[in-house]
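Colleague:
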Amino acid sequence: MAVAAKGEEMTPEHEEEVIIVGAGQSGLAAAACLSVRGVASCLVLERDDCVASLWRHRAYDRLRLHLPKRHCALPRAPHAAAAPDYLPRDDFAAYLDAYASRFGVHLVSREVWSVGMALQRYLPTWAVDKVVLLMCAVVFGGDTARYGLRRPAVGPFAMKMTTPAYPVFDVGTFAKIRSGEIRVVPAGIKSVRGGDVEFADGRRHAFDAIVFATGYRSTTKQWLKSDDGLIGDDGMAGRSYPNHWKGENGLYCAGMVRRGIYGSGEDAELIADDISKQMKRRSSEPVHNGHISNGSP
1 MAVAAKGEEM TPEHEEEVII VGAGQSGLAA AACLSVRGVA SCLVLERDDC
51 VASLWRHRAY DRLRLHLPKR HCALPRAPHA AAAPDYLPRD DFAAYLDAYA
101 SRFGVHLVSR EVWSVGMALQ RYLPTWAVDK VVLLMCAVVF GGDTARYGLR
151 RPAVGPFAMK MTTPAYPVFD VGTFAKIRSG EIRVVPAGIK SVRGGDVEFA
201 DGRRHAFDAI VFATGYRSTT KQWLKSDDGL IGDDGMAGRS YPNHWKGENG
251 LYCAGMVRRG IYGSGEDAEL IADDISKQMK RRSSEPVHNG HISNGSP
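Residues in the sequence shown are numbered consecutively from 1, following our numbering.
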């Protein structure tokens, strides 16, 4: 999600002061945080016909959030006590709808890990990774490489913040791998012909069904022409956390360092606070001939 705040030379009162591109969780959070700070002239642009289109149109039916609800709430709107601890897809989409309505988000659409997450608030990422990996060794019984599960070079939380790869929460899969019900093969695939797959090591196997769970790539770099380093070549934040969210000329990005729903809310608070402070500073400066003075005659 990208946020653009108007520069000082563009001050017509009837125009929007802030434009937010994307009505997903990050865009909604940014709009809400701006609203509670008194920045009402905010427009959210969304190419789909609803908020949270990723959750509605691109998530499988039985999806549930992999983190407890306390880590998956947007700013100033905790989940209801009666809500399931791990929210189903439709419940979370409904939560985002209610969030947009509660904070009066002005939308223009095309049609008009629990322990780790808690520790990250108090410890550096490298320390959290050591604790989490130690817990994994105890729970899963030591070396998982013998079952075809290679351990990454970095810890799970460091990996989550720097690459598109996410750590896996086990829900019984590892027991099936250990028993042989699920076989893990090398990731390299040379070719796919119908149901026949040839792997990089030369092995071939016929499958009844093939599921591509490859995720998505960001296209931000294709439409946002910015050379200030805010957006990297992969379409995600070009700078590392926590200095990733602010660019030049009133440009910001939220939710683009792979820190999940909690990270989206954290970015939104930082961005909204920075924009509101700039607007308050501008409004307190003297105006000459319709332009804000910068202190020069």
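Positions of the beta carbon are idealized from the N, C-alpha and C atoms, including for glycine. Please read these numbers as outputs of a predicted model, since none were measured by experiment.
Does GLU298 come out as helix, strand or coil in the three-state DSSP assignment?
Modeller: Here the chain has residues from 1 to 297 only, and residue 298 is not among them.
Colleague: If we call anything under 7 Å between Cβ atoms a contact, is SER264 one with GLY255?
Modeller: The sequence position of residue 264 within the sequence shown is 264, counting from 1. The sequence position of residue 255 within the sequence shown is 255, counting from 1. In this structure, GLY255 lies closer than 7 Å to SER264 by Cβ.
Colleague: Do you know whose CA, among ASP228, TYR60 and ALA23, lies nearest LEU43's CA?
Modeller: Counted from its first residue, the sequence shown places residue 43 at position 43. Considering only alpha carbons, the answer is ALA23.
Colleague: Mind the definition here: the segment 85-92 touches the segment 53-64 only if three or more C-beta pairs lie below 8 Å; say whether that holds.
Modeller: Touching, yes, given that three or more Cβ pairs across the two stretches are closer than 8 Å.
Colleague: Report buried or exposed for VAL18, applying the criterion of at least 16 other Cβ atoms within 10 angstroms of its Cβ.
Modeller: In the sequence shown, residue 18 corresponds to position 18, counting from 1. That one is buried.
Colleague: Which residue comes first and which comes last in the beta strand (DSSP E) that contains LEU45?
Modeller: If you number the sequence shown from 1, residue 45 lands on position 45. Per DSSP, LEU45 belongs to the beta strand (DSSP E) from 42-45.
Colleague: Please check the pair ALA30 and ILE271, which I expect to be a contact at CB under 8 Å, by giving their CB distance rounded to whole angstroms.
Modeller: Taking the sequence shown and counting its residues from 1, the one referred to as residue 30 is at position 30. Taking the sequence shown and counting its residues from 1, the one referred to as residue 271 is at position 271. Right, their Cβ atoms sit about 6 Å apart.
Colleague: Please say whether ILE261 and CYS72 have beta carbons closer to each other than 7 Å?
Modeller: The residue labelled residue 72 in the question sits at position 72 within the sequence shown. The residue labelled residue 261 in the question sits at position 261 within the sequence shown. Going by C-beta atoms, CYS72 is nearer than 7 Å to ILE261.
Colleague: Identify every residue that forms a DSSP beta bridge with VAL197.
Modeller: By 1-based counting over the sequence shown, the position of residue 197 is 197. Bridge partners of VAL197: VAL192 and HIS205.
Colleague: Start and end of the alpha helix (DSSP H) containing CYS33?
Modeller: Residue 33 sits at position 33 when you count from the first residue of the sequence shown. Segment 25-36, the alpha helix (DSSP H) holding CYS33.
Colleague: Would a C-beta distance cut-off of 7 Å place TYR99 and LEU28 closer than the cut-off?
Modeller: Counting from 1 along the sequence shown, the entry for residue 99 is found at position 99. Counting from 1 along the sequence shown, the entry for residue 28 is found at position 28. It is a contact, given that the beta carbons lie within the stated cut-off.
Colleague: Mapping the DSSP letters down to three states, classify ASN289 as helix, strand or coil.
Modeller: Counted from its first residue, the sequence shown places residue 289 at position 289. In this predicted model, ASN289 has a pLDDT of only 49, less than 50, meaning its place in the structure is not dependable; the value taken from the coordinates is given anyway. ASN289: coil per DSSP, three-state reduction.
Colleague: Determine the direct distance from the alpha carbon of GLN278 to that of ASN243, and round the result to whole angstroms.
Modeller: As a working mapping, residue 243 is identified with position 243 in the sequence shown. As a working mapping, residue 278 is identified with position 278 in the sequence shown. The straight-line gap from Cα to Cα measures roughly 18 Å.
Colleague: For the beta strand (DSSP E) that LEU251 lies in, which residues bound it at each end?
Modeller: Here residue 251 refers to the residue found at position 251 of the sequence shown. Start and end: 251-253.
Colleague: Using three-state DSSP, classify LEU107 as helix, strand or coil.
Modeller: Numbered from 1 along the sequence shown, position 107 holds the residue referred to as residue 107. In this structure, LEU107 counts as strand in the three-state DSSP scheme.
Colleague: Can you tell me where the beta strand (DSSP E) with ILE19 in it begins and where it stops?
Modeller: For the purposes of this step, residue 19 is taken as residue 19 along the sequence shown, with counting starting at 1. ILE19 -> beta strand (DSSP E) spans 18-21.
Colleague: Are the CB atoms of ILE231 and LYS246 within a distance shorter than 7 Å?
Modeller: Locating residue 246 in the sequence shown gives position 246, where the first residue counts as 1. Locating residue 231 in the sequence shown gives position 231, where the first residue counts as 1. Going by C-beta atoms, LYS246 is not nearer than 7 Å to ILE231.
Colleague: For ALA5, which residues in the same chain have their Cβ closer than 6 Å to its Cβ, ignoring the five residues on either side in sequence?
Modeller: Along the sequence shown, one-based indexing puts residue 5 at 5. Result list for ALA5: VAL18, GLY250 and ILE275, in chain order.
Colleague: Just reading off the alpha helix (DSSP H) that PHE92 is part of, what are its end residues?
Modeller: Indexing the sequence shown from 1 puts residue 92 at position 92. From DSSP, the alpha helix (DSSP H) with PHE92 extends over 89-102.
Colleague: When burial is assigned at 16 or more other CB atoms within 10 Å of the CB, is GLY229 buried or exposed?
Modeller: On the sequence shown, residue 229 is found 229 positions in, with the first residue counted as 1. By the 10 Å Cβ count, GLY229 comes out exposed.
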